[in-house]
Amino acid sequence: AVYQLLASQAASYYTYQPVKLLSASTTNGIQVVTALTGNGDASIPVGVIVGFEINPLDLNLAGSNRRAASTARLVYVANDPNQLFVIQEDATGGAAASSAPGKNATLVGAGTGSDTTGFSNCQLDSSSIGVSASYILKIIGFQLRVDNEVSSSYAKLIVKFNHHALATGTTAGGGVVGV
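Heads up: the sequence shown at position 79 corresponds to 79 in this note's numbering, and the numbers run straight through without jumps.
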């Protein structure tokens, strides 16, 4: 879906960065999003940035993968409440264990990214893995591929948002308890 980033938003935005809705829209009726920077009550996600409207003045790789600070830009967001994502865990406090699927977790680095690559620094906080319904991510499993070892540092996991702005009955902290 298409959303708007306003020129009044001072931060840069990056591909694969999670975002949440603002209670604002443009005169064209396009809803405005902002960075999802936390895991608490004010951080109900609407999705993850997957692309930006082309900026003809900045056609290099990083220019097409990010939005420079304080510039108005349309942004494309994967916003299905059932969307699955692949995310790297941060290995802080140890790698995600093989028992992680079915549990919940929080994010780290969600509001930051690289101006060189244009990609978000967002990772799953492996030290947060637990059963709390307020945690923002639901772990579905480990991504099965030859370069991804279960229970190793920086493993790739398949996740979905545990609570979502477009899901029926979603409230802050109103996700599903992990198993």
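Cβ coordinates follow ideal geometry from the N, Cα and C atoms, glycine included.
All values derive from a computational prediction rather than experimental measurement.
| Asked | Found |
| --- | --- |
| Tyr135 beta carbon less than 9 angstroms from that of Ser126 | no |
| Check whether Val86 and Val159 have beta carbons under 9 angstroms apart | yes |
| Whole-angstrom distance between Cys122 and Val108, CA atom to CA atom | 6 angstroms |
| Which of helix, strand or coil DSSP assigns to Ser151 | coil |
| Other residues of its chain near Ala155: CB distance less than 7 angstroms, five sequence neighbours each side excluded | Glu89, Ala95, Ala96, Phe142, Asn148, Glu149 |
| Limits of the unbroken beta strand (DSSP E) element including Pro18 | 18 to 25 |
| CB of Tyr14 within 9 angstroms of CB of Arg67, strictly | yes |
| Given 8 angstroms, three or more beta-carbon pairs between the stretch 14 to 29 and the stretch 43 to 52 | yes |
| Contacts around Ser111, its chain only, beta-carbon distance under 6 angstroms, and the 5 residues preceding and following it disregarded | It is Gly, not Ser, that sits at residue 111 in the sequence shown. Ala35, Thr37, listed in sequence order. |
| Minimum C-alpha distance to Leu124 - residue among Lys138, Leu166, Leu22, Leu144 | Lys138 |
| Sequence ranges, alpha helix (DSSP H) only - wholly within the stretch 29 to 70, length at least 4 | 61 to 65 |
| Exposure label - Ala24; buried when at least 16 CB within 10 Å | exposed |
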